[in-house]
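Sequence order for the protein chains is A and B.
When we follow the UniProt record's numbering, the leftmost residue of the first sequence carries the number 1, and every step to the right adds one.
When we follow the UniProt record's numbering, the leftmost residue of the second sequence carries the number 1, and every step to the right adds one.
The beta carbon of each residue, even a glycine, is placed where N, CA and C say it ideally should be.
If you're wondering where the values come from, they're calculated on a predicted model, not measured in any experiment.
First the structure, in the form of structure tokens, and then the observations on it.
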Amino acid sequence: MTAWRTEGGTAIDRTRPLRFTFDGRSVAGFAGDTVASALLAGGVSIVGRSFKYHRPRGLWGAGVEEPNALLDIAGGMPNTRATQVLAADGLAVRSVNAEPSAEKDRHAFLDAFSRFIPAAFYYKTFMFPDWHLFEPRIRQMAGLGTLDGAVRAPAFAEQVNHHCDVLVVGAGPAGLAAARDALRAGRRVVLCDDGRQAGGSLLFRAATIEGKPGAAWAADVVSELEQAGALVLAGTTAFGIYDHHLAGLNQKGEGGAPDRLWRVRAKSIVLATGAIERPLPFGNNDLPGIMSAEAALVYLRRFGVAAGRRVVVATNNGLAYETAQALSAAGADVTVVDYRADAPSPEGLRVLTGRTIVKASGRGAVSAVRLSDGSVLEADAVLASGGFTPTVHLYCQAQGKLDWRDDILAFVPGRPVEGVEVVGAAAGDFSLPAGLAEGAGQDLGIVAAWPKSRAKERVWIDLQNDVTAKDVELAVRENFVSVEHLKRYTTLGMATDQGKTSNVNGLALVAELTGRRIPEVGTTTYRPPFTPVPLASFAGARSGTRMSPLRRLPLEREHRADGATFREYGGWLRPAFYGSGAPEDRIQAEATATRAGVALFDGSPLGKIEVVGPDAGSFLDFIYYNTMSTLAPGRCRYGFILSEAGNIYDDGVLVRLDENRFVVSCSSSHVAGVHALLEEWRQDRFDRRRVFIHNATAEMATLTVTGPQSRALLEAIGLGLDLDDAALPHMAVAMGRFEGQAARIARVSFTGERSYELSVPADHAASLWSRLRREGQAFGATLLGLEALMVLRAEKGYIVIGKDTDGTSRPMDFGLTAPLERKKVEFIGRRSLVTEDAARPDRRQFVGLEAIDGAGVLPTGAHGIEHLAGTPRSLGYVTSSYFSPALQRPIALGLIERGLDRMGDIIELQHLREVRRARIVAACAFDAEGGRLHA
Amino acid sequence: MQLFPCPFCGPRSETEFHFGGDAGNRRPEGFRAVTDGEWAAYLHDRNNPRGAANEIWMHMTCGEVFRMERDTVHHGVAQAFALLEGGGDDGLAH
Ligand SMILES: [Zn+2]
């Protein structure tokens, strides 16, 4: 191919030359050139290697439809279309799937073996012993671009949510007219186009609209839109339409900036997405130098590049004549091969009618074509038009159904979709907007030129995926006649291209092979995205900790100052332990000091959901497994919340502040779930005027003072209430004051020691904590992290939901059967507790496990094993396991089959080939009588 | 992304909502009288309709539980209803 720069070119600025590299070779261009137009002008005819056979490929298109020229941009995006990247000084691009360069590709020999690697060759050949052995090597030889893992985006992609009355997709003549109509009707309009400049075909096809040249008219409409406040987004692809008129738009970032994602919710959407030219099916129709006739017109008029000097324009329709005439006027020697017998012959143009191209030939690029009459035409460029395929992707994504039109040989939008209108070429209308344009416009006047079966030549259907007519024939012979199966078997219409140029030719061939009409064959499903969207656009700022933000304590700064090591617990960042040294030593020391004196613990994430109102008691009777309405004001009760399936969902202490006021203390990781559960049952089943729910978890901080010296420490602070055990016994609650604020003090213990939970407004937490720290010095108060708390509670056999329970645990597995036997009223999950499954004697029950083999702490997750006729079988597993500082020996908790009936039994445990022995004991290993709660 | 009409807040993005099951899946009351079959149907049998669906949803950001009629094929939302006020079990949910 010998493309050359002509005069003109409306997109480029010849006063601003530039240079970039392609496969290491320097290429010149002008500001405004795309990489593709500069490559074409620079005489680079091979821009890539084909996916499978490594055939040389040149430019076919000039825009989004380009299947061949995929590039990796150094320091940027892989698999980018050369037609959509602006050339820039210093830019370095590489062809994909070619090594070392597109021109000298070392896998080019593969094409000689093409006969042996037809469609599905890989599936059939690399089956034994395992496809995965072959996959890495094949993926290296086939496939597309490479992602440079070292590249970091300069910034997050922005995401914008936008609402409008009318979204117009496509700023060609039909889209501009629709946008202006909507604007003049007083609508809020968004107009987007994937081109850098609005105008669509008006930028390269001759037209006069409302007395102005097409491009000038387009510019005037855009300025009218913008002045009236419409949002006009250039370089922006509408890649998907989702439910309820939500459109996804990706706006290209310029100068290395990340793209921007728009979510546009429109009351109605106008699709003016145009049409894409189809290739003509002839032998070697993939040779470089064979280009879409419309693309050649774009390169000529927009970029001042003529595709060749001896040009054959091959067409089955009338729209390619503008290309022929324009190139002829620019000085090229043009011959038109018109597939139509009765084509009109415009003056000054050599037209051969009623003939088709049988085969192209040339080494590395096209040099001649043989026609159906046997004659041979020499050519350095073959500009083909096989008709136009309306771009209906978005309409189909919006659940539209297509109709086939024989007069234009294309699928067009069929039944209307509510709120979605399709206009212009996308709707199969190739004339200019009615009432605006002068003259009749160009006539498509198309005749069929479909691929034929049993062709001797290699006819390409899908350039991007290297699918030939023979591949389609093979697939049909093997009975892959459904288009969806055919697509997957041959890869026709897959990858980044999604069949933009290939789809209809492929369907036509299947139709012929199966004796059906094209509409009977149907199309494959259109799915978003229309063109690839960078994952960075979808991610936006949601990466790392922003993907799932950690919840942080009001006292995080104080804990850091005290040398806390933080870990995540149920979504909260909490102190695991304090101070330096071996973590295990710190944890043991904190636990020991707690039982010896007094400890301070930050329990702020503890759920604090208030239930208020005259029906609160009966509401909570329904919510809890336990009876709660009998709880006296000022008292606390431990209970379970079940699911309707009878499984333990959460546990915790319910506090009754007064007759009509309760606080649900749920697990810190379950607050949102318990809150939603309470709301749902309240609104469905109760009088919502008589019971209210308020989640006060975040507004209240809870600081726990625990240990035998805890009361003494609180007395030193003075919280304005009687701390005598007669007034505030274990499991009682009372209100005091701190810094003039109400402070709730609950005698609830998760350590087994005398404990006080102090709940104050979160903004008073820091001063309460510092007060406790200061007064605590006299008592040698220790800081207690979550890890040591886990040890302390395990010594007591207190459970942690989700750790010591699983999705099948029921309250009776924990020995709590009284509510089921005695409770009078309904509660969540009750009926599920009187099923056969709930009554099974071999349920896994909660027990303690005491290692008796002297081999240290049992592994958490180890399974209890019994051997039945030599076959091992699991009896359940270890749920929690620690070294107990109080007992100076390992302790463990577990869910073991029939465990409550097997106290004292010795069982075998296995974990990762380690075999251990343990005795089944009571879950509570320390202070079983509970005397320390009152000490 | 779908827009659901919360009776309290108006149209909001579907990501703010939580599915609450089929409307009219009434909870069989009286744990002694309810048969295994009735209870199992309540727990596990779902309408899973193709087309018109009548469902309970919760708007997580405001807490409103409501009934919504929508279509599972074209995702059109017909109507949303606040649960009846003050009558206890109104038979719409559970
Ligand atoms: Zn709401």
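Task: ligand 1 heavy atom lying under 6 Å from the CB of Cys-666 (chain A) - done: On the first sequence, residue 666 (chain A) is found 666 positions in, with the first residue counted as 1. Because no heavy atom of ligand 1 lies under 6 Å away, the Cβ of Cys-666 (chain A) does not count as near it: no.
Open item on the list: Less than 7 Å between CB atoms is the rule here; does Gly-2 (chain B) satisfy it with respect to chain A?
Closed with: The sequence position of residue 2 (chain B) within the second sequence is 2, counting from 1. Note that residue 2 (chain B) corresponds to Gln in the displayed sequence, not to Gly. It does: the Cβ of Gln-2 (chain B) has a partner Cβ on chain A nearer than 7 Å.
- [ ] Return the CA-CA distance between Arg-415 (chain A) and Leu-70 (chain A), expressed in angstroms with no decimal places.
- [x] As a working mapping, residue 415 (chain A) is identified with position 415 in the first sequence. As a working mapping, residue 70 (chain A) is identified with position 70 in the first sequence. Distance between the alpha carbons of Arg-415 (chain A) and Leu-70 (chain A) is about 36 Å.
Open item on the list: So that I know if they touch, is there some Cβ in chain B lying closer than 7 Å to that of His-244 (chain A)?
Closed with: Numbered from 1 along the first sequence, position 244 holds the residue referred to as residue 244 (chain A). Yes, His-244 (chain A) lies at the interface with chain B (some Cβ there is under 7 Å from its Cβ).
- [ ] Report yes or no: do the segment 720 to 734 of chain A and the segment 635 to 645 of chain A share at least 3 C-beta pairs separated by less than 8 Å?
- [x] yes
TODO: Please name the residue or residues paired with Asp-13 (chain A) in a DSSP beta bridge.
DONE: Counting from 1 along the first sequence, the entry for residue 13 (chain A) is found at position 13. A:Ala-31.
Task: Closer than 7 Å to chain A by CB, Met-68 (chain B) - done: For this step, residue 68 (chain B) is matched to residue 68 along the second sequence. No, because no Cβ of chain A sits closer than 7 Å to the Cβ of Met-68 (chain B).
Task: Under 7 Å, CB to nearest heavy atom of ligand 1: contacting residues - done: B:Cys-6, B:Phe-8, B:Cys-9, B:Arg-12, B:His-59, B:Thr-61, B:Cys-62, B:Glu-64
Open item on the list: Residues in the same chain with beta-carbon distance under 6 Å from Cys-164 (chain A), minus the five sequence neighbours each way, listed in chain order, please.
Closed with: Position 164 of the first sequence, counted from the start, is the residue given in the question as residue 164 (chain A). Excluding sequence positions up to five before and after Cys-164 (chain A), its CB lies within less than 6 Å of the CB of Arg-188, Val-190, Ala-266, all in the same chain and listed in chain order.
Open item on the list: Buried or exposed for Arg-560 (chain A), going by 16 or more other Cβ atoms inside 10 Å?
Closed with: In the first sequence, counting from the first residue as 1, residue 560 (chain A) sits at position 560. So Arg-560 (chain A) ends up on the exposed side.
TODO: Within the same chain, show all residues whose beta-carbon is closer than 6 Å to that of Val-64 (chain A), passing over the 5 residues directly before and after it, in chain order.
DONE: Along the first sequence, read from residue 1 onward, the residue named residue 64 (chain A) stands at position 64. So the qualifying residues of the chain are Asp-194, Thr-531.
Open item on the list: As an exercise, report each continuous beta strand (DSSP E) stretch of at least 3 residues that is fully enclosed by the UniProt domain "SoxA A3" (456 to 540) of chain A, in chain order.
Closed with: 460 to 462
- [ ] Please list the partners that Val-834 (chain A) has in chain B, where partner means a Cβ-to-Cβ separation under 7 Å.
- [x] Start at 1 with the first residue of the first sequence, and residue 834 (chain A) comes out as number 834. Under the 7 Å cutoff, chain B gives Phe-31.
Open item on the list: At the 7 Å Cβ level, is Thr-679 (chain A) part of the contact set with chain B, yes or no?
Closed with: Residue mapping note: residue 679 (chain A) aligns to position 679 of the first sequence, counting from 1. Rather than Thr, the amino acid found at residue 679 (chain A) in this sequence is Glu. Cβ-Cβ to chain B under 7 Å: yes for Glu-679 (chain A).
Open item on the list: Which complete alpha helix (DSSP H) runs does the segment 358 to 430 of chain A hold, if anything under 4 residues is left out?
Closed with: With a minimum length of 4 residues, the continuous alpha helix (DSSP H) runs that stay inside the segment 358 to 430 of chain A are 393 to 397.
- [ ] Can you tell me which of the three DSSP states Ser-223 (chain A) falls into?
- [x] Reading the first sequence from its first residue, position 223 is the one you call residue 223 (chain A). Note: Ser-223 (chain A) maps to helix in three-state DSSP.
- [ ] With 8 Å as the C-beta to C-beta threshold (strictly closer), list the residues of the segment 618 to 647 of chain A near chain B in chain order.
- [x] Glu-644, Ala-645
Open item on the list: With the cut-off set at 7 Å, would you say Val-93 (chain A) and Phe-22 (chain A) are in Cβ contact?
Closed with: Residue numbering aside, residue 93 (chain A) sits at position 93 when the first sequence is read from its first letter. Residue numbering aside, residue 22 (chain A) sits at position 22 when the first sequence is read from its first letter. Between Val-93 (chain A) and Phe-22 (chain A), the C-beta gap is smaller than 7 Å, which places the two residues in contact.
Open item on the list: What does DSSP give as the partner residue(s) for Gly-639 (chain A) in the beta ladder?
Closed with: Translated into positions along the first sequence, residue 639 (chain A) becomes position 639. Beta-bridge pairing links Gly-639 (chain A) to A:Gly-652.
TODO: Give me the Cα-Cα distance between Ala-38 (chain A) and Ala-508 (chain A), rounded to the nearest whole angstrom.
DONE: For the purposes of this step, residue 38 (chain A) is taken as the residue at position 38 of the first sequence. For the purposes of this step, residue 508 (chain A) is taken as the residue at position 508 of the first sequence. Spanning the two alpha carbons is a distance of roughly 35 Å.
Open item on the list: Against chain B, does Gln-683 (chain A) count as a neighbour if the rule is that its beta carbon must be under 7 Å from one of theirs?
Closed with: Counted from its first residue, the first sequence places residue 683 (chain A) at position 683. Yes, because at least one Cβ of chain B sits closer than 7 Å to the Cβ of Gln-683 (chain A).
TODO: Could you give the DSSP three-state label for Trp-60 (chain A): helix, strand or coil?
DONE: Counting from one through the first sequence, the residue named residue 60 (chain A) turns up at place 60. Trp-60 (chain A): coil per DSSP, three-state reduction.
Open item on the list: I'd like to know if Arg-917 (chain A) contacts chain B, where contact means its C-beta is closer than 7 Å to some C-beta of that chain.
Closed with: Numbered from 1 along the first sequence, position 917 holds the residue referred to as residue 917 (chain A). It does not; no Cβ of chain B falls within 7 Å.
Open item on the list: Three Cβ pairs or more, each shorter than 8 Å: is that satisfied between the segment 355 to 364 of chain A and the segment 481 to 496 of chain A?
Closed with: no
TODO: Just grab the DSSP bridge partners of Pro-5 (chain B) for me.
DONE: For the purposes of this step, residue 5 (chain B) is taken as the residue at position 5 of the second sequence. For Pro-5 (chain B), the beta-bridge partners assigned by DSSP are B:Pro-11.
- [ ] Consult DSSP for Thr-704 (chain A) and reduce its assignment to one of helix, strand or coil.
- [x] Sequence index remark: in the first sequence, residue 704 (chain A) carries index 704 (1-based). If DSSP states are grouped into helix, strand and coil, Thr-704 (chain A) belongs with the strands.
- [ ] Under 8 Å by Cβ, that's how I've got Ala-743 (chain A) and Ser-759 (chain A) pegged, so tell me the actual separation to the nearest angstrom.
- [x] One-based indexing of the first sequence puts residue 743 (chain A) at position 743. One-based indexing of the first sequence puts residue 759 (chain A) at position 759. Right, the Cβ-Cβ distance comes to about 7 Å (below 8 Å), so this counts as a contact.
Open item on the list: Determine whether the beta carbon atoms of Glu-679 (chain A) and Gly-63 (chain B) lie at a separation below 7 Å.
Closed with: In the first sequence, the residue the question calls residue 679 (chain A) occupies position 679. In the second sequence, the residue the question calls residue 63 (chain B) occupies position 63. The answer is yes: Cβ separation under 7 Å.
Task: Members of the segment 388 to 405 of chain A that neighbour chain B once the beta carbon cut-off is set at 7 Å - done: Gln-399
Open item on the list: With three or more beta-carbon pairs closer than 8 Å as the criterion, would you say the segment 804 to 814 of chain A touches the segment 595 to 604 of chain A?
Closed with: no
Task: Pairwise C-alpha distance: Ala-448 (chain A) and Gly-90 (chain A) - done: Numbered from its first residue, the first sequence carries residue 90 (chain A) at position 90. Numbered from its first residue, the first sequence carries residue 448 (chain A) at position 448. About 46 Å.
TODO: Express the C-alpha separation of Gly-304 (chain A) and Ser-45 (chain A) in angstroms, rounding to a whole number.
DONE: Here residue 45 (chain A) refers to the residue found at position 45 of the first sequence. Here residue 304 (chain A) refers to the residue found at position 304 of the first sequence. One C-alpha to the other measures close to 17 Å.
Open item on the list: Cβ closer than 8 Å: which chain B residues qualify as neighbours of Arg-831 (chain A)?
Closed with: Sequence index remark: in the first sequence, residue 831 (chain A) carries index 831 (1-based). Per Cβ cutoff of 8 Å: Pro-28, Phe-31, Val-34, Trp-39.
TODO: Please name the residue in A:Pro-279, A:Glu-210, A:Ala-157 whose C-alpha comes closest to that of Ile-461 (chain A).
DONE: Sequence index remark: in the first sequence, residue 461 (chain A) carries index 461 (1-based). Checked all of A:Pro-279, A:Glu-210, A:Ala-157; the closest Cα to Ile-461 (chain A) is A:Pro-279.
Task: Rounded C-alpha distance that separates His-94 (chain B) from Arg-27 (chain B) - done: The count along the second sequence starts at 1 and reaches residue 94 (chain B) at position 94. The count along the second sequence starts at 1 and reaches residue 27 (chain B) at position 27. Here the model assigns His-94 (chain B) a pLDDT of 47, short of 50, so the residue's position is not dependable, and the following value carries that caveat. Roughly 5 Å separates the two Cα atoms.
Task: Min CB distance Asp-13 (chain A) to chain B below 7 Å - done: On the first sequence, position 13 is the one that residue 13 (chain A) refers to. Chain B, which has no Cβ nearer than 7 Å to the Cβ of Asp-13 (chain A), makes this no.
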